[in-house]
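*Asks:* Numbering-wise (this note's numbering), the sequence shown opens with residue 664 and increments by one.
Every residue, glycine too, gets a C-beta built ideally from N, C-alpha and C.
Note that the coordinates shown come from a computational prediction; the quantities given were computed from them, not determined experimentally.
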Amino acid sequence: LLAKRTSNMMQPKDAEKIADRTRKQFPEGISASGTDAVRFTLATLASTGRDINWDMKRLEGYRNFCNKLWNASRYVLMNTAEQDCGFGSEPKVLSLADKWILAQYQQTVQHVTHYIDSYRFDLAANALYEFTWNQFCDWYVELTKPVLFKGTEPEQRGTRYTLITVLESLLRLMHPIIPFITETIWQSVKPLAGNTTEHNTDSIMLQPYPEFNASLANDTAMADLEWLKAVITAIRNVRGEMNIAPSKPLAILLRNLNGEEQRRLAENQNFLMVMAKLDSITVLAEAEKAPASAAQLVGSMDLLIPMAGLIDKEAELNRISKQLDKAAQELARVSGKLANQGFVAKAPEAVLDKERAKQAELEQAMVKLQAQQAEITAL
664 LLAKRTSNMM
674 QPKDAEKIAD
684 RTRKQFPEGI
694 SASGTDAVRF
704 TLATLASTGR
714 DINWDMKRLE
724 GYRNFCNKLW
734 NASRYVLMNT
744 AEQDCGFGSE
754 PKVLSLADKW
764 ILAQYQQTVQ
774 HVTHYIDSYR
784 FDLAANALYE
794 FTWNQFCDWY
804 VELTKPVLFK
814 GTEPEQRGTR
824 YTLITVLESL
834 LRLMHPIIPF
844 ITETIWQSVK
854 PLAGNTTEHN
864 TDSIMLQPYP
874 EFNASLANDT
884 AMADLEWLKA
894 VITAIRNVRG
904 EMNIAPSKPL
914 AILLRNLNGE
924 EQRRLAENQN
934 FLMVMAKLDS
944 ITVLAEAEKA
954 PASAAQLVGS
964 MDLLIPMAGL
974 IDKEAELNRI
984 SKQLDKAAQE
994 LARVSGKLAN
1004 QGFVAKAPEA
1014 VLDKERAKQA
1024 ELEQAMVKLQ
1034 AQQAEITAL
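1. I need the DSSP call for residue 1047, collapsed to helix, strand or coil.
2. Which residues share a DSSP beta bridge with residue 969?
3. Could you check how far apart the C-beta atoms of residue 916 and residue 967 are, in whole angstroms? I think they sit under 8 Å.
4. Note down the Cα distance separating residue 887 from residue 764, rounded to an integer number of angstroms.
5. State the CB to CB distance for the pair residue 753 and residue 820, rounded to an integer number of angstroms; the pair is presumed to be in contact (CB under 8 Å).
6. Count the CB pairs spanning the region 765 to 772 and the region 867 to 881 that are closer than 8 Å, and state whether there are at least three.
7. How many Å lie between residue 673 and residue 715 at the Cα?
8. Under the three-state reduction of DSSP, which class applies to residue 683: helix, strand or coil?
9. Take every Cβ of the region 803 to 811, pair it with every Cβ of the region 927 to 943, and state whether three or more of those distances are shorter than 8 Å.
10. Within 10 Å of its beta-carbon, does residue 742 have 16 or more other beta-carbons around it, so buried, or fewer, so exposed?
11. Since I believe residue 799 is in contact with residue 706 (beta carbons under 8 Å), could you give me their beta-carbon distance rounded to a whole number of angstroms?
12. Considering just the uninterrupted stretch of the beta strand (DSSP E) at residue 915, what are its terminal residues?
13. Using alpha carbons as the reference points, say which of 699, 1026, 835 and 802 lies closest to residue 722.
14. Less than 8 Å between the beta carbons of residue 897 and residue 959, yes or no?
15. DSSP three-state label for residue 942, please.
16. Compare the C-alpha of residue 724 against each of 710, 696 and 748 and name the closest.
17. Considering only DSSP beta bridges, list what residue 964 is partnered with.
18. Could you pull out every residue in the same chain whose Cβ sits closer than 6 Å to the Cβ of residue 918, ignoring the five residues on either side in sequence?
19. Enumerate in chain order the residues of its own chain whose CB-to-CB distance from residue 894 is below 6 Å, with the five nearest sequence positions on each side excluded.
20. Leaving aside the five residues before and after residue 1006 along the sequence, list all residues of the same chain whose C-beta is less than 7 Å from its C-beta, in chain order.
21. Please look up how many angstroms separate the CB atoms of residue 920 and residue 867, rounded, as I've assumed it's under 8 Å.
22. Could you have a look at residue 745 and say whether DSSP puts it in helix, strand or coil?
23. Buried or exposed for residue 986, please, with buried defined as at least 16 other CB atoms from any protein chain shown within 10 angstroms of its CB.
24. Per DSSP, what kind of secondary structure is residue 988 in: helix, strand or coil?
25. For a test of the three-state rule: what should DSSP assign to residue 871, helix, strand or coil?
26. Quick check on this structure: which residue in 830, 822 and 816 has the alpha carbon closest to the alpha carbon of residue 795?
27. According to DSSP, is residue 813 helix, strand or coil?
28. Looking at the secondary structure, which residues open and close the alpha helix (DSSP H) in which residue 771 lies?
29. Excluding five sequence neighbours on each side, which residues of the same chain lie with their C-beta closer than 6 Å to the C-beta of residue 844?
30. What separation, rounded to the nearest whole angstrom, lies between the Cα atoms of residue 792 and residue 949?
31. With burial defined as no fewer than 16 other Cβ atoms inside 10 Å of the residue's Cβ, what is the status of residue 992: buried or exposed?
32. Cutting at 7 Å between CB atoms, please list the residues of its own chain near residue 1004, excluding the five before and the five after it.
33. Can you find the residues in the same chain that come closer than 6 Å, C-beta to C-beta, to residue 927, ignoring five residues on each side of it along the sequence?
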């Protein structure tokens, strides 16, 4: 590293300063991170500019990414080895989460292929990171647990099938950027993958590169699962803010559900109760008064968690106050844009409609939050 940083220097003093700074920055040298982590870091830095601003923190982050992939693969293998993974003639049922991850993955294949064809390896690497870490590892792996532990045999078969299918294809999609870890994992996944390994070869290098499959695109499943994620996240946010143990079952109240939200709740209520650790879910009539509750907005739906025996009144008032401040700032920004005659004159009508809808939504949200604030204050 010292040789690279100080070679071909015009001024020896500059070389000496850089050498001293390097020794101070890395007193014990640079710790090993693995070839795949270095390759992935280089791919993410391969933008259209001529220079690369190397960042050791990013290298560390992508080393953690490789570890995340390894651990997720272990989970898949532990739950599929010596099990019926749905590649035979036995019936299998795909859960909402299975349909969602298959659709998300096809979207990722489409994006990565486009970016590679455009020589935007940085965007391809970022798309792989986003799907692998945030969708597959953080959400889908957790969403499989209720099915694998308590689902029917066809449901478990469908989830095992999806785990193997997505992981095997994802390894092929990532292989050009991180070849070593994907080859190692693929050797363990291959015997379980049934017909998904299209050619009986000894190496992932000789496998076909994944192609977009439009038949697996599913906008409904993606929208439904995003709604479930928003509800689960809202409940977890309240738990964190109110210091409620994750293991403590909660009763929640829902109000102002539209037709789509009612359908999603009816189809996925049991799943939601398991994932969010709920004791009960009650839908309130529009005029029905709720007890003192911690409140979250999920779209236009009110999500209320009764705080009897749980609530810290001051903490809840502070939380609502922060939400009000944030909404007020955003409302001022949107209102300012709409009051700007230059913006209104130049912006397309579709953009103006979107800003007006956002303004109305923020105004409605502030009215609801102010009402909740008054209700908690009166306790």
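*Replies:* Judging by the given coordinates:
1. Because residue 1047 is not part of the residues shown, which for the chain are 664 to 1042, the question remains open.
2. 956
3. 4 Å
4. 12 Å
5. 6 Å
6. yes
7. With a pLDDT of 48 at residue 673, under the threshold of 50, the predicted position of this residue should be treated as unreliable, though the coordinate-derived value follows. Their Cα atoms are separated by approximately 22 Å.
8. helix
9. yes
10. buried
11. Contact doesn't hold; Cβ gap of about 19 Å is too wide.
12. 913 to 918
13. 699
14. yes
15. strand
16. 696
17. 961
18. 947 and 965
19. 961
20. 1000
21. At roughly 46 Å, the Cβ-Cβ gap does not stay under 8 Å, so residue 920 and residue 867 are not in contact.
22. coil
23. buried
24. helix
25. coil
26. 830
27. helix
28. 759 to 780
29. 699 and 729
30. 42 Å
31. exposed
32. none
33. 887 and 890
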